[in-house]
Amino acid sequence: MDRVAVLELLDAVRDGRTDVGVAIERLSVAAVTLTYATVDVHRALRTGVPEVIYGAGKTGPQIAGILEALHCRGQDGLVTRIEAHKAAEVIASLPLAAFVWSSDARVLLSRVGEVPELVGSIAVVSAGTSDHSVAEEAAVVAEALGNNVVRITDVGVAGIHRVLAQIDLLRTMRVIIVVAGMDGALPGVVAGLVRVPVIAVPTSVGYGASFGGVAALLTMLNACSPGVTVVNIDNGFGAAYQASLINQLDRVR
8 MDRVAVLELL DAVRDGRTDV GVAIERLSVA AVTLTYATVD VHRALRTGVP
58 EVIYGAGKTG PQIAGILEAL HCRGQDGLVT RIEAHKAAEV IASLPLAAFV
108 WSSDARVLLS RVGEVPELVG SIAVVSAGTS DHSVAEEAAV VAEALGNNVV
158 RITDVGVAGI HRVLAQIDLL RTMRVIIVVA GMDGALPGVV AGLVRVPVIA
208 VPTSVGYGAS FGGVAALLTM LNACSPGVTV VNIDNGFGAA YQASLINQLD
258 RVR
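As numbered in the working numbering, residues 8 to 260 make up the sequence shown, in order.
This is the structure we're talking about:
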C-alpha cells in the first residue's frame with residue numbers, strides 16, 4: 008500500500024463505498040507472512056518504494072510468492088541479482104503481471120499498475136566495459152524507480168579526454184553515479200568538474216592487488232574532490248536508490 012492507495016481508501020470511506028471496518032483491516036496489515044518470508048507491504052507507504060527483493064539465494068518459487076504478495080496489494084515488484092533461469096521461472100508462474108527482464112543488470116521488474124512518469128536526470132557513468140553489469144544494474148533500478156537515466160560508458164581515466172568530452176552533458180544532470188574498478192579514480196575526477204552529488208560505486212574489476220574491489224573502494228573513500236559519496240563494492244542497486252532519493256526530493260516536500 009502506498010500514499011495514493013491510502014487516499015483512495017479514505018475517499019471510499021468518506022463516500023460510503025467502503026465500510027470503516029474493512030478499511031481498518033486493510034490498513035492494519037503491515038506484513039504478509041509466508042513460510043519463507045515476511046513481506047513488508049507498507050514499505051511503499053513509509054518510503055515511497057515497495058520492498059525490493061534480493062534474488063540471490065532465493066528459489067524461483069520463493070521470488071514468485073513474494074511478488075504475488077506485493078501484486079495482490081497493487082504494488083510493483085523489483086528483483087535484483089536474479090539469474091536468467093529463475094527470472095524465466097517467475098515470469099511463467101505469474102502470467103497476469105507485465106515483466107521487464109534485463110539480463111545484463113540481472114534485474115526483473117514486474118508492473119501491476121501504471122508506468123510512472125520519469126522525472127529529473129541521473130547519469131550512470133562507467134569507467135570501463137568490464138564495469139557494465141554493475142552500471143546497468145544502477146541504470147535499470149533508477150529507471151524502475153521513476154527516473155530519467157542517461158548512460159555514459161567506457162570513459163575511464165586511462166583516456167581522460169573521453170570523460171572530458173561528456174562534461175557539458177554531465178553538468179545538466181541532477182545526480183551522477185560513477186561506476187569504476189581498477190584504481191577507482193574516475194568519481195573524484197567527475198566530482199571535480201560538476202556541482203551535483205556524485206555517488207561512487209567501486210567494482211570488483213581488476214588484477215590481484217585490486218583485492219576484489221577493495222582498492223577502488225579505498226580510493227573513492229579517500230577522494231580529494233568533495234561531493235563524492237561511496238556505496239559498497241558492486242552495489243549498483245544502492246547507488247540507484249540513493250540517486251533516486253536525491254533526484255526526486257522535490258516530490259516529497
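Every residue gets a Cβ at the ideal spot worked out from N, C-alpha and C, and that includes glycine.
Proximal residues to residue i (C-beta, below 6 Å), its chain only, five neighbours per side dropped
i, result
"Pro123", "Gly153"
"Leu41", "Gly72"
"Gly213", "Gly188 and Met189"
"Thr160", "Ser133"
"His44", "The displayed chain sequence assigns Ala, not His, to residue 44. The residues are Ile73."
Alpha-carbon spacing of residue i relative to residue j, whole angstroms
i, j, result
"Thr226", "Val46", "37 Å"
"Arg21", "Gly220", "56 Å"
"Asp111", "Leu125", "22 Å"
"Thr136", "Leu101", "34 Å"
"Ala145", "Pro57", "17 Å"
"Val185", "Ala207", "5 Å"
"Gln255", "Val39", "29 Å"
"Thr25", "Leu16", "8 Å"
"Ser251", "Val237", "15 Å"
"Val59", "Gly127", "22 Å"
"Gln82", "Val27", "23 Å"
"Ala37", "Arg80", "11 Å"
"Ala19", "His92", "42 Å"
Residue nearest to residue i in terms of C-alpha spacing, selected from the options
i, options, result
"Gly64", "Leu17, Val212 and Glu90", "Glu90"
"Tyr61", "Leu52, Val29, Gln82 and Ala94", "Ala94"
"Arg113", "Gly199, Gln255 and Asn242", "Asn242"
"Thr179", "Arg88, Leu17 and Val157", "Val157"
"Arg88", "Asp257, Gln249 and Gly245", "Gly245"
"Gly199", "His92, Phe106, Val235 and Ala165", "Val235"
"Leu14", "Ala44, Tyr43 and Leu52", "Leu52"
Residue burial classification, residue i (beta-carbon count within 10 angstroms, cutoff 16)
i, result
"His139", "buried"
"Gly23", "exposed"
"Pro233", "exposed"
"Arg50", "buried"
"Gly120", "exposed"
"Thr66", "exposed"
"Tyr248", "buried"
"Ala216", "exposed"
Cβ-Cβ distance between residue i and residue j below 9 Å
i, j, result
"Val86", "Leu115", "yes"
"Val182", "Ile70", "no"
"Ala130", "Leu177", "yes"
"Ala76", "Val48", "yes"
"Ser117", "Gly84", "yes"
"Val230", "Met189", "Checking the displayed sequence, the identity of residue 230 turns out to be Ala instead of Val. No. Outside cutoff."
"Ile167", "Val141", "no"
"Val330", "Ala172", "The chain is shown from 8 up to 260; residue 330 falls before or after that span and cannot be answered."
"Val132", "Ile174", "no"
Neighbourhood of residue i by C-beta distance below 8 Å, restricted to the same chain and skipping five residues each side
i, result
"Pro68", "Glu96 and Ser100"
"Thr210", "Ser137, Asp138, Val141, Val186, Ala187, Gly188, Gly220, Ala223, Ile240 and Asp241"
"Leu228", "Val237"
"Ala105", "Ser117, Arg118 and Val119"
Sequence-distant residues of its chain with Cβ nearer than 7 Å to residue i (five each side left out)
i, result
"Val203", "Met180, Arg181, Val182 and Ile183"
"Ala192", "Val164 and Thr226"
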